[in-house]
Amino acid sequence: MGAADQLKTPAQYRRGESDLVQRGGKWFLIATCDLPEPEEFEPVDWIGVDRGIVSLATTSDGTNHQGRRLHRYRRWQARKRTELQVKQTRSAIRRLARRSKKEHRHATHLNHRISKEIVSVAQRNGRGLAVEELDAIRDRVRLRRDQRGTLSSWPFHRLGQHLAYKARRAGVPFLEVDATYTSQRCPRCGHTERANRPTRDRFSCRRCGLAGPVDVVAGVNVRHRARSAWVFVTAPVRVPA
Ligand SMILES: [Zn+2]
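Numbering (our numbering), first residue to last: 13 to 253.
Structural data, given as structure tokens:
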């Protein structure tokens, strides 16, 4: 919880003791609060969010949140790790640890900022938020074998957690949808084929010609799935005669 949120937290929700801790030369007051959760509103529509590596989040509205620095850092880190396996000097290890802490803070900051922005847009127009299930991302981004184990620490995993948390706090409905073929399926005609994605970033439907950035297309497909999932959930249950 950031300092600004902390200051806004009404005193009647404080619970127990507050702790004063020092981290990286700064002092923080940590207070535990039980915040009442608002009722989830009935969404008029959904925002689909596509998460990726270079573009951390792209919404079905076409808003794109970049994470280039994080991406560069991940590649740098992978290279350094290989070097370290060769020569394990103490200064090299220290440097790696320092840089890692710094990038971790940067990732947390980005996740906060991006999720806050997306949730506030959803809240403002009375829309729900939908993301793809993490397993699907795992299949789609085709991580190298040595990267797979660390998937849960990848920025987009934590971005999902930030989104879910902030959505709940704002009463915004939140859904995880099946993301199979979200980057190969045409949102206009439904045609699904690997060749609809001629390059990593580009979508171009082989049947109807719809073209655009692949992450926006994926976001729109996530939105479609949320719409149908929601209709399914709220449709009256028919009891067989
Ligand atoms: Zn099409």
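For each residue, glycine too, the CB sits at the ideal point set by N, CA and C.
What does the alpha-carbon distance come out to for the pair Val56 and Arg139? Val56 and Arg139 have their C-alpha atoms spaced approximately 6 Å apart.
Which of helix, strand or coil DSSP assigns to Gly224: Residue state, collapsed to three classes: strand.
Ala104, buried or exposed, once every other Cβ within 10 Å from all chains shown has been counted against 16: Of the other Cβ atoms in all chains shown, fewer than 16 fall within 10 Å of the Cβ of Ala104; this residue is therefore exposed.
Considering only heavy atoms of ligand 1, list every residue whose Cβ is less than 6 Å from one of them, following chain order. In chain order, the qualifying residues are Cys198, Arg200, Cys201, His203, Cys217, Arg219, Cys220 and Leu222.
Taking the CB atoms as reference points, tell me whether His77 and Ile65 lie closer together than 8 Å. In this structure, Ile65 does not lie closer than 8 Å to His77 by Cβ.
Inter-residue spacing [alpha-carbon to alpha-carbon] between Ala109 and His116: Their Cα atoms are separated by approximately 10 Å.
With a threshold of 16 other CB atoms inside 10 Å of the CB of Ile42, please say whether the residue is buried or exposed. So Ile42 ends up on the exposed side.
Looking at C-alpha atoms only, which residue of Gly36, Pro50 and Leu32 is the closest neighbour of Thr44? Ranking the options by Cα distance to Thr44, first place goes to Leu32.
Would you kindly report the start and end of the unbroken alpha helix (DSSP H) that includes Ala142? Looking at the DSSP string, Ala142 is not in any alpha helix (DSSP H); the run it does join, the beta strand (DSSP E), is Arg139 to Glu144.
Own chain, CB closer than 7 Å to Lys178, minus 5 neighbours either side, in chain order: Result list for Lys178: Ser127, Lys128 and Val131, in chain order.
Can you give me the C-alpha to C-alpha distance between Arg125 and His118, rounded to a whole angstrom? Whole-angstrom Cα-Cα distance: 11 Å.
Three CB pairs or more closer than 8 Å across the region 182 to 201 and the region 212 to 220: As far as the Cβ criterion goes, the region 182 to 201 touches the region 212 to 220, which means the pair count is three or higher.
Give the straight-line distance between the Cα atoms of Asp190 and Gln89, rounded to the nearest whole angstrom. If I take the Cα positions, the gap works out to 31 Å.
Taking the CB atoms as reference points, tell me whether Pro48 and Ala182 lie closer together than 8 Å. Contact flag unset, no.
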